[in-house]
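All residue numbers for the sequence shown refer to this note's numbering, where the first residue is 2 and numbers rise by one.
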Amino acid sequence: MCVSLPTHSLSLSLSINILVLFFSFLCSFPILPCTLLKLTSPLICTMSAYKDQDPRLHGIKTKIRVVPNFPKSGIMFQDITTLLLDPKAFKDTIDLFVERYKGKNISVVAGIEARGFIFGPPIALAIGAKFVPLRKPKKLPGKVISQEYILEYGRDCIEMHVGAVEPGERALVVDDLIATGGTLCAAMDLLERVGAEVVECACVIELPELKGRERLNGKPLYVLVEYMEI
Ligand code: AMP
């Protein structure tokens with residue numbers, strides 16, 4: 002059955018439709034820049050807290066000092082010691098990770114020497130996980146398993162105590178920075194070799210131009226800030 006509406010109700014419904022369209026158009030503005038970014042730059046659309054625009058992230062980013070040509074010519078060294086000098090920025094950094102990993106049933110936080118030892122332990126304590134140090138060769142006194150890898154500047158190896166992580170444990174790998182991804186790959190290999198499940202890797206800084214994320218074989222990586230050289 003077809004019901005014919007009087008002319009004034011038709012014009013009222015038309016005006017309501019126009020208003021709805023107008024407001025949807027206005028509301029779409031804040032997401033336009035993000036959508037454009039997503040279309041134009043796949044690098045900027047990785048899993049990073051920076052995209053969420055949490056107000057704490059700007060403070061964190063401004064506290065990281067960039068030292069050109071350290072330790073070698075051509076390296077833009079991301080110095081997190083300046084971040085540690087600011088209790089609010091340091092706490093915000095830890096809080097952001099804790100908010101992400103609390104309640105995720107993670108029993109191991111594995112921190113990579115040396116700067117993963119700064120961020121890993123407070124995260125582990127806050128989420129109720131144990132902390133396992135992944136160390137440079139010949140530093141751990143007990144029986145170890147080792148994994149070699151290639152760095153942005155050189156070659157290296159990390160080791161973990163045998164028995165520190167049990168098969169089936171859920172692990173989070175923490176470091177200050179991902180460059181080429183070799184270090185995180187080696188850390189994941191160590192944990193997986195003893196039967197752990199790596200849930201995610203977490204870093205304060207990513208150098209997206211070095212494409213380290215692509216070396217992680219699809220393993221999720223969460224970063225707070227990105228540093229582009231250009
Ligand atoms: P990669 O294995 O290439 O991802 O390198 C990551 C490791 O090397 C991390 O443990 C960082 O601390 C260190 N690293 C590499 N490049 C830099 C850099 N430009 N600034 C500070 N640390 C770096």
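For each residue, glycine too, the CB sits at the ideal point set by N, CA and C.
Quick one: using the 10 Å Cβ neighbour count with 16 as the cut-off for buried, is residue i buried or exposed?
i       : result
Phe-30  : The pLDDT assigned to Phe-30 is 39, lower than 50, so where the model puts this residue is not dependable; a value taken from the coordinates is nonetheless given after this. Classification for Phe-30: exposed.
Pro-43  : Because the pLDDT at Pro-43 is just 31, under 50, the model does not fix this residue reliably, and the point stays unresolved.
Met-189 : buried
Thr-63  : exposed
Leu-225 : buried
Gly-183 : buried
Pro-221 : exposed
Gln-54  : exposed
Gly-213 : buried
Leu-86  : exposed
Gly-219 : exposed
Quick test of your reading: residue i and residue j, contact by CB under 8 Å. State the CB separation rounded to the nearest angstrom.
i       : j       : result
Leu-135 : Leu-191 : 6 Å
Lys-89  : Gly-60  : 7 Å
Arg-171 : Glu-198 : 5 Å
Ser-49  : Glu-227 : 6 Å
With a Cβ-Cβ cutoff of 8 Å, do residue i and residue j count as a contact?
i       : j       : result
Pro-98  : Ala-203 : Per the sequence shown, the amino acid found at residue 98 is Phe instead of Pro. Taking 8 Å as the Cβ cut-off, Phe-98 and Ala-203 qualify as a contacting pair.
Ile-233 : Val-195 : Absent from the model: residue 233. The displayed extent of the chain is 2 to 231, so no value can be given.
Leu-173 : Val-200 : yes
Val-133 : Val-175 : no
Leu-185 : Leu-217 : yes
Tyr-223 : Ala-187 : no
Within 7 Å: the Cβ of residue i and any heavy atom of the ligand AMP?
i       : result
Ile-76  : yes
Thr-82  : no
Ile-113 : yes
Thr-184 : yes
Arg-66  : no
Legend entry - Given 8 Å, three or more beta-carbon pairs between the region 130-145 and the region 160-177: yes
Inset, instruction - Could you tell me whether the region 97-111 touches the region 71-89, where touching means 3 or more Cβ pairs closer than 8 Å? - result: no
Inset, instruction - Say whether the region 117-128 touches the region 87-96, bearing in mind that this needs 3 or more beta-carbon pairs closer than 8 Å, one atom from each stretch. - result: yes
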